[in-house]
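Working notes for the structure below.
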Amino acid sequence: MKYKRGGLWLFLSLIILSTALLPLTAKADVKYDTFTKNSTGNLVWLQPAYIPIDVIGEDLYMTDPNDPSVKTVSSMSHPKDIFIDDKNQIYIADTGNNRIVQLDGSGKLVRFITVAESPLNKPEGVFVTKEGEIFVADTGNRRIVKLDQGGKLVKEFIKPQSQFISDTFVFTPVKLIVDERGFLYVASQGSYEGLLVLDPNGNLQGYFGTNQTVLSAMDALKRWLYTEKMYAREVLKRPETINSLASDNNGFIYTVTGGSISSNQLKKLNSRGDNMLRSLQGSFGEYRPFDTRGLAPTAVKTPQLIDVAVDSDGNIAVVDQQFKYISHYDGNGNLLYFWGGPSAAGTSQIGLMKSPVALDFNSKNELFVLDDQENIIQKFRMSEFGQKVVEANKLTLSGFYEDSEKLWQEVLRLNADFTPAIQGLAQAAFKKEQFAEAKRLFKAAGDQDGFSESYWQIRLVWFQKNFSWIASLILVGIFLMVAMEKWSVTKRLKAKWRSRERSQNPLITHFKHAFYILRHPVDGFTAIRYEGKGTYWSAAIIIAGTYSALLIREYVTSFSFQLVHFVNVYNVFTQFFVVWIMWVIANYLVSSIYRGEGRFRDIFIGSAYALVPYILIGIPLAMLSNVMTLSESSVYNFISEGLVIWIGLLMFWNTQWIHNYSVGETLINIGLTLVTMIVIGILLFITVGLTSDLFSFLYEIFQEVTLR
């Protein structure tokens, strides 16, 4: 009994000790999730990369000048920008209070900057140079002010006078940076031309980082159909204006844009204004697909990037005002992770945000996020996981692949699905000439270029090892071919083969006609209409063969040419067969009205026979792709595109000779057929929707009757 009691006391002691130690590990229990995306774009849950450690700006006060002992609470009001200088001093554009708030590195108040000689009016941007000069985007006064270290006014920049600025343009600066030359890069409200570049004297030097105009398909159609007078009445399409900007130690300028654009929201610009980022997914600013469910139908359902910051290692962080996420990318624009989210209404939750508007890093790579609704700054520190990711990625981007391998292995031990870690290990394996392993890892990371380059090296090594017997086989093959040719001539084998007894099987005869069409399309399609060539059975078999070829291409094509990880057999069949049968029905309906001579049987069989090239070329091409690399992509694309053109021409000749049309009539028939297909598709969509609603209504009635 004593031993049992002793064991019980030991167990209770362990529980009490674990409870006592719980606060030490509470940091990891954050209120938000961290995610990345794998090579297919699916979400992958991660350990927290950043952990909230402090809230700053809640205890600001103002001292009574007549009585220093009297302090009045003076909280921030709708702040819009944050900047951290080389000494970790924090500057906030306190827009609602018409001032700049300066805090020290620990978040304690240093001073309020109000510029007594020329008061600020709703400032929305602040920048501090290495020399301590303070530049403020004084938005309400439509100017930029330059202050010395003491906060005294040195110079103001108003709307520059230039022939490149229209008289109607209103200079309303919201964000700015200053380069080492003293040139100002200014983001102004309504400046669709890009950033205004001002020299130290305030003269306009040009525009920088202009966004492209986003035109929809309807806009392009209007431009093509409308007269010049009609198009002039349309609302002008302008590029989206830049929301914010930042710079790094290497002189690159980063901009973020919101609005309706869905790509290039984040840019890394060199001195020429060229964008250096190449996002694999084509867009920046991450969110979860189901985050759009709560938005109004008319709301913009794309991330609205409001600010950008760059840490000392060149990694980029952007904050999204729409979904409240902070996304992190490396210096090349590859996603590392994203985290955050909206705070619940009526509550304040550390790590979650109400309205994030700005962010910046200090020299320790600690992240500060400004919230203009909570009027606070949240401070975050990298977790152990985040530090390992950043350190390993820094080595990889610097070309030290082997040095990064151990760190990436540790990261992968913490999370086996972290794509950047798999990519880093793949590059390390390639550097060590472990090409087979590199090929496997590149495929897991979704890197087609790396996969292709690894296979190229494997293929090169194989050819070098086996060149002698490959050359010997080729020579022996050539000798045997020549010998067989002479022997066949001597024995008259070709003549005997041509005079052999032909098979009278009807199905085989109809299949032969499908191949005859490939060589003589005009005679072949005419024979279908007027000589009764072809049957429904042979056409159905060819349709089944084409579907099989589609599946084989999906499954067999090399990863270098097709980034596919999952094939839905049902979807492939539905998409292929529905489109094909809609073509047959629509073409029959149109030709019945538009003087066509073809019967439904002729259209069905001819449209099936026109797909034979896909079986003959599509399957071998898929297999051939597995011994090709991206360096031969021009050959692969030429064959693939040539296959589509060949089938398109066969469909054209099928329509022309089945219905006995001229070329012009054939083009009109095909155009009307495509329009009819669209109409049929819309009718099917409406019918399926109404049928579903009807079944739901009948089911609800059934439940009401049975329950009562």
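Numbers -28 to -1, 1 to 680, taken from mature numbering (1 follows the signal peptide of the UniProt record, and there is no 0), label the letters of the sequence shown in order.
Glycine residues also receive a C-beta, built at the ideal position from the N, C-alpha and C atoms.
Residue i - DSSP class collapsed to helix/strand/coil
i, result
"L92", "coil"
"L445", "helix"
"A271", "coil"
"L32", "coil"
"P40", "strand"
"N438", "helix"
"I56", "strand"
"L210", "First, the amino acid is wrong: residue 210 is Arg here, not Leu. Three-state DSSP puts R210 in coil, outside helix and strand."
"T6", "strand"
"K411", "helix"
"F129", "strand"
"V546", "Here residue 546 turns out to be Thr, not Val, going by the sequence shown. It is helical."
"S426", "helix"
"R114", "coil"
"K(-2)", "Any reading at K(-2) is ruled out, since the residue's pLDDT is 42, under 50, leaving its predicted position unreliable."
"residue 681", "Residue 681 is absent from the structure shown; the chain starts at -28 and stops at 680."
"G504", "coil"
Boundaries of the beta strand (DSSP E) in which residue i is found, first to last residue
i, result
"P145", "145 to 150"
"E258", "Where E258 is concerned, there is no enclosing beta strand (DSSP E), given that its DSSP letter is neither H nor E."
"F107", "106 to 110"
"Q381", "Careful: Q381 lies outside any beta strand (DSSP E), inside the alpha helix (DSSP H) at 373 to 386."
"D332", "328 to 333"
"Q74", "71 to 75"
"R279", "A small fix is needed here, since residue 279 is Asp in this sequence, not Arg. From DSSP, the beta strand (DSSP E) with D279 extends over 277 to 282."
"A289", "288 to 292"
"A159", "156 to 160"
"I591", "Here I591 belongs to no beta strand (DSSP E); instead the alpha helix (DSSP H) covers 591 to 596."
"F340", "339 to 343"
"D66", "62 to 66"
"R83", "81 to 85"
"I298", "297 to 301"
"L308", "307 to 312"
Supposed close pair residue i, residue j - CB separation, criterion 8 Å
i, j, result
"L176", "I214", "Not a contact, Cβ separation roughly 16 Å."
"V361", "V383", "6 Å"
"G162", "T144", "7 Å"
"I28", "I348", "7 Å"
"G286", "Y22", "Incorrect: roughly 17 Å between the Cβ atoms, too far for contact."
"T35", "P20", "Incorrect: roughly 39 Å between the Cβ atoms, too far for contact."
"A364", "W380", "5 Å"
"S284", "N337", "6 Å"
"V562", "T638", "Between T638 and V562 the Cβ distance is about 11 Å, and since that is not below 8 Å, they are no contact."
"I149", "A218", "7 Å"
Cβ neighbours of residue i in the same chain (closer than 8 Å, five flanking residues each side left out)
i, result
"V607", "M600"
"S(-16)", "At S(-16) the pLDDT is 48, less than 50, meaning the model places this residue with poor confidence and gives no usable figure here."
"T663", "none"
"F487", "V584"
Beta-carbon proximity list for residue i, same chain, < 7 Å, skipping 5 on both sides
i, result
"D110", "L92, N93, P95, I116, V117"
"V100", "F55, D57, Y63, I106"
"Q184", "P211"
"D171", "F155, Q177"
"A88", "none"
Own chain partners of residue i with C-beta closer than 6 Å, once the 5 adjacent residues on each side are dropped
i, result
"V45", "Y33"
"I25", "K351, R353"
"A499", "K505"
"N632", "E569"
"A(-1)", "Because the pLDDT of A(-1) is 45, which lies under 50, any placement of that residue in the model is unreliable, and the question is left without a value."
"D375", "L367"
N- and C-terminal bounds of the alpha helix (DSSP H) containing residue i
i, result
"G358", "356 to 369"
"N609", "605 to 631"
"residue 684", "No answer is possible for residue 684: it lies beyond the span of the chain, which begins at -28 and ends at 680."
"E526", "508 to 528"
"T140", "No alpha helix (DSSP H) contains T140, which DSSP labels as neither H nor E."
"L583", "No alpha helix (DSSP H) contains L583, which DSSP labels as neither H nor E."
"Q395", "391 to 403"
"L238", "Careful: L238 lies outside any alpha helix (DSSP H), inside the beta strand (DSSP E) at 238 to 241."
If you pair each beta-carbon of the segment 287 to 304 with each one of the segment 257 to 266, do three or more pairs fall below 8 Å? yes
Below 8 Å, how does it come out for the segment 641 to 661 and the segment 577 to 587: are there three or more Cβ pairs, yes or no? no
At a cut of 8 Å, does the segment 2 to 16 reach the segment 401 to 420 through at least three beta carbon pairs? yes
Spell out a yes or no on whether the segment 220 to 231 and the segment 275 to 288 are touching, meaning 3 or more CB-CB pairs, one atom from each, closer than 8 Å. yes
Would you call the segment 614 to 622 and the segment 522 to 532 touching, i.e. three or more CB-CB distances under 8 Å? Inter-segment contact for the segment 614 to 622 and the segment 522 to 532 is absent: fewer than three beta-carbon pairs are separated by less than 8 Å.
The segment 442 to 453 contacting the segment 622 to 630, beta-carbon criterion three pairs below 8 Å: no
How about the segment 400 to 409 and the segment 427 to 439: do they share at least three Cβ pairs that are nearer than 8 Å? yes
Report yes or no: do three or more beta-carbon pairs, one from the segment 626 to 642 and one from the segment 561 to 580, lie closer than 8 Å? yes
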